[in-house]
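Undergrad: Below you will find the structure I want to go over with you.
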């Protein structure tokens, strides 16, 4: 896969002209990225990024020995992406998000110590401090930095150079929202942002909550699965998006009845944000006309509905990738209502980001994305959410890029001090 080239005019200090290999160790899997600053093959000060392998499951689900083997495999593959004469000086980093972040302190420390001890043979420069956990709020900031850098709203020094985008990220165990609260202070960009990570509110975590809630209520049916589908959980699918949304609210929202009433009455966005708050932490009110980039599982879920729904019900989704969320809701309702035998017979392989084993979960995924965007964040007052897997120039929108840029800025500052 050719390098995606990202334009940047990096400061001409030696510390910035570096190769860095970063593993994003998430709740459901780990992905390796190779970043390079000072790429002479582009032009002076260029930055390049290349994706390595993605492996499953997440580190938190593995024994220490298996976690070491998984990481060793990733770095072995990553070595092929770095020139041989650069490998010894290349910094290797493992940064864990949801999953490992949720472990008990002693379990997390033991796991990370074992990974460090087991990776001493890799051909990169590895320090124990470079194997660790990214806090949820840091992850939110890095996603914001990556999205705005790729869209040329911030520069390589993370100085704001244009109107910023908000960033929405959704993983397996947590979800993040970040936006500028007003004019940005380039001397302290973080202080200018609302950045919130909701631990335990990722797609997989909430799916488990919904199933547990249905089970405790004595239900035998699951509205979030297609009619005719029966999963290992023992529930029979109903394929009812509205009922699925209601079930998610029960498992998710602090004030369920108040939330439903405000949504049904189409209350103001600020009232819905308060009524539909999760984790007792309502989001603030973004400045008017703030637009958001929705990445990762936000994109996968919405794009699956766009790709899989229209052939069976209605026309294509208007205004993609910045649709009216009410149109997306209508399309998701139609998709969820498709019987499972039709889904199973006609949809495998039709969406590049939905392998066959994920087809049963796409109705729930869409419902949860819509609850977050329409209820919890109340971003449906006008088309303001753009679903994106990559950004300007075709580069992936990943928080690891924001982390890397922050490290480059820190290295440059240290070199000058």
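Residue numbers (the UniProt record's numbering): 1 to 417. Quick reminder that beta carbons are idealized off the backbone N, C-alpha and C, glycines included.
1. Which residues in the same chain have their Cβ closer than 6 Å to the Cβ of residue 389, if we skip the five residues on either side of it in sequence?
2. Buried or exposed for residue 179, going by 16 or more other Cβ atoms inside 10 Å?
3. What's the gap between the Cα of residue 376 and the Cα of residue 125?
4. Give me whichever residues DSSP pairs with residue 176 in a beta bridge.
5. Cβ of residue 386 within 9 Å of Cβ of residue 291?
6. Check each candidate in 87, 65, 64 and name the one with the smallest Cα separation from residue 75.
7. Assign residue 370 to one of three DSSP states: helix, strand, or coil.
8. Going by the CB atoms, is the gap between residue 174 and residue 101 shorter than 9 Å?
9. What residue range is occupied by the uninterrupted beta strand (DSSP E) comprising residue 19?
10. For the ligand NAD, is there a heavy atom less than 8 Å away from the beta-carbon of residue 277?
11. So, with DSSP's three-state summary, where would you put residue 55?
12. Going by other Cβ atoms of all chains shown within 10 Å of its Cβ, with 16 needed for buried, is residue 139 buried or exposed?
13. Hey, is the region 396-403 in contact with the region 198-210, meaning 3+ C-beta pairs nearer than 8 Å?
14. For the alpha helix (DSSP H) that residue 402 lies in, which residues bound it at each end?
15. Which partner residues does residue 96 have in the DSSP bridge list?
16. In the structure shown, what three-state DSSP assignment does residue 221 receive?
17. I need the DSSP call for residue 1, collapsed to helix, strand or coil.
18. Hey, residue 133 and residue 145 are a contact pair by Cβ (cut 8 Å); roughly how many whole angstroms apart?
TA: Considering the structure as presented:
1. For the purposes of this step, residue 389 is identified with residue 389 of the chain shown, where counting begins at 1. Only 299 meet the Cβ criterion.
2. Numbered from 1 along the chain shown, position 179 holds the residue referred to as residue 179. Its Cβ being crowded by 16 or more others within 10 Å, residue 179 is buried.
3. Here residue 376 corresponds to residue number 376 of the chain shown, with the count starting at 1. Here residue 125 corresponds to residue number 125 of the chain shown, with the count starting at 1. Straight-line Cα distance between these residues: approximately 43 Å.
4. Here residue 176 corresponds to residue number 176 of the chain shown, with the count starting at 1. Its beta-bridge partners are 169, 197.
5. The count along the chain shown starts at 1 and reaches residue 386 at position 386. The count along the chain shown starts at 1 and reaches residue 291 at position 291. Contact flag set, yes.
6. Taking the first residue of the chain shown as position 1, residue 75 is located at position 75. If you compare the alpha carbons of 87, 65, 64 with that of residue 75, the shortest gap goes to 87.
7. As a working note, residue 370 is residue 370 in the chain shown. Helix.
8. As a first step, residue 101 is located in the chain shown; it is residue number 101 there, counting from the start. As a first step, residue 174 is located in the chain shown; it is residue number 174 there, counting from the start. Yes, these two residues count as a Cβ contact at 9 Å.
9. Counting from one through the chain shown, the residue named residue 19 turns up at place 19. Looking at the DSSP string, the run of the beta strand (DSSP E) that includes residue 19 is 19-25.
10. Of ligands this structure carries none, so the ligand NAD is not represented either.
11. Locating residue 55 in the chain shown gives position 55, counting from the first residue. Secondary structure of residue 55 (DSSP, three-state): strand.
12. In the chain shown, counting from the first residue as 1, residue 139 sits at position 139. Buried is the call here.
13. no
14. Walking along the chain shown from the start, residue 402 turns up at place 402. It spans 399-416 - the alpha helix (DSSP H) in which residue 402 sits, taken as one unbroken run.
15. Position 96 of the chain shown, counted from the first residue, corresponds to residue 96. Paired residues: 25, 133.
16. Walking along the chain shown from the start, residue 221 turns up at place 221. Reduced to three states, the DSSP call for residue 221 is strand.
17. The residue you call residue 1 lines up with position 1 of the chain shown. For residue 1, the predicted model reports a pLDDT of 42, less than 50, meaning its position is unreliable; a value from the coordinates is still stated below. In the structure shown, residue 1 sits in coil (DSSP, three-state: anything other than H, G, I, E or B).
18. As a first step, residue 133 must be located in the chain shown, where it is residue number 133. As a first step, residue 145 must be located in the chain shown, where it is residue number 145. Wrong, their Cβ atoms sit about 18 Å apart, outside the cutoff.
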